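Novice: Let me begin by handing over the structure; questions about it come next.
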Amino acid sequence: MLGGKIKAEHANTNVIAAELSATDAIVLSFDNNVQYVEEDLPRRFMGQSSPYGIAMVQADQVDDSVASASSGGKKYV
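Just so it is clear: in the sequence shown, position 76 is 63 by the working numbering, and no numbers are missing.
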């Protein structure tokens, strides 16, 4: 019996994502009912894009002093 934990199951494509030890992954790869086993590589965000509407309404051009006034900063009339 293998150990591990199923993280996601995709019935339409007969795919599962599981957390297994290296030994369990090797044992599973030799199972005749399993087509293949592959390791997920770590992924990281390479950057962050601004939401679509920010540039369209020129929100990226707002002066920081105006923006801070709405969050409790000093207000002048």
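A virtual CB, placed ideally from N, CA and C, is assigned to each residue, including glycine.
Just so you know, these numbers come straight off a predicted model, no measurement behind them.
Does DSSP put valine 14 in a helix, a strand or coil?
Specialist: Position 27 of the sequence shown holds residue 14. Correct three-state label for valine 14: helix.
Novice: Can you tell me where the alpha helix (DSSP H) with alanine 42 in it begins and where it stops?
Specialist: Looking up residue 42 in the sequence shown gives position 55. Taken as a continuous stretch (DSSP letters only), the alpha helix (DSSP H) holding alanine 42 covers 39 to 43.
Novice: Give me the Cα-Cα distance between glutamine 45 and glycine -9, rounded to the nearest whole angstrom.
Specialist: Walking along the sequence shown from the start, residue 45 turns up at place 58. Walking along the sequence shown from the start, residue -9 turns up at place 4. Taking the straight line from one Cα to the other gives about 50 Å.
Novice: So alanine 5 is in the beta strand (DSSP E); what residue range does that whole segment cover?
Specialist: Residue 5 sits at position 18 when you count from the first residue of the sequence shown. Segment 2 to 6, the beta strand (DSSP E) holding alanine 5.
Novice: Just checking my contact of alanine 9 with lysine -6 at CB under 8 Å: how many whole Å lie between their CB atoms?
Specialist: As a position in the sequence shown, residue 9 is number 22, starting the count at 1. As a position in the sequence shown, residue -6 is number 7, starting the count at 1. Contact check for alanine 9 and lysine -6: beta-carbon distance about 17 Å, past the 8 Å limit, so the pair fails to qualify.
Novice: Going by beta-carbon coordinates alone, are alanine 12 and valine 24 separated by less than 7 Å?
Specialist: Working through the sequence shown from its first residue, we reach residue 12 at position 25. Working through the sequence shown from its first residue, we reach residue 24 at position 37. Cβ atoms of alanine 12 and valine 24: closer than 7 Å.
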